[in-house]
Amino acid sequence: MTDEFDNQDELFDELEKKVKACTLCDLHKTRNRAVPGSGSREAWIMFVGEAPGKNEDSQGLPFVGAAGNFLTELLQSINLDRLDIYITNIVKCRPPNNRDPIPEEMDLCLPWLREQFMLIKPKVICTLGRFAANRLIDPELQISRDHGKFYKKKGQVFCALYHPAAALYNGNLKQVLRDDFLELGRFLEKCRGEMKNT
Ligand code: URA
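Per numbering that gives the first Met the number 0, the sequence shown starts with residue 0, numbered consecutively.
Set out below in structure tokens:
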């Protein structure tokens, strides 16, 4: 293990500690646990959802409920293991009764995500749902129109995907998400091939 990696790991531990103790917005008053994220700290692909729900709030881990199970299935369909990617959310604490996160909460929480991006340095960032897409890709993005599209920004590629929970409420979206993941899988294969040739 190199010194650089040791140092990165320490910085990441420090960051997780700060997220878990964060009191920047009022969500800390009602959360049980903040949810920094899970997976590989060296991942080249990250997935960013909206905010923890009830299960995530009690376990301190992202996407561990019904939406998480569907996400795992989608990842498996393109041979991605949750341990090889990094999964997190725009907002690290559960909004009461799973309401939508408000702009102030997202503004205050976003610097944690930016630090995660700086440490992990992912090449591909997949947004899950409109909140992450509008914050990270384009405020004008419409998920019903732009899902499955790829965007290049400052050397990183972003892919806008529907939130897996949306497919639990609207069964028609299940196939849409499955198709978008297959397209993502093809894109990642191409990237892997290009990286091997450099
Ligand atoms: N929905 C999200 O956006 N994130 C989670 O971690 C769980 C459900």
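Quick reminder that beta carbons are idealized off the backbone N, C-alpha and C, glycines included.
As far as DSSP is concerned, Ala66 takes part in no beta bridge. Annotation: the continuous alpha helix (DSSP H) that includes Gln115 extends over Pro102 to Ile119.
A distance below 7 Å between beta-carbons, with the five flanking residues on each side excluded, links Leu82 to the following residues of its chain, in chain order: Gly38 and Ser39. DSSP places Cys158 within a strand segment (E or B) once states are collapsed to three. Ala20 counts as exposed, since fewer than 16 other C-beta atoms from the protein chains shown sit within 10 angstroms of its C-beta. In this structure, the C-beta of Glu104 stays at least 6 Å away from each heavy atom of the ligand URA. In the DSSP assignment, Asn88 falls within the unbroken beta strand (DSSP E) covering Tyr85 to Asn88. The beta carbons of Thr87 and Met45 sit about 7 Å from each other, so the pair counts as a contact at 8 Å.
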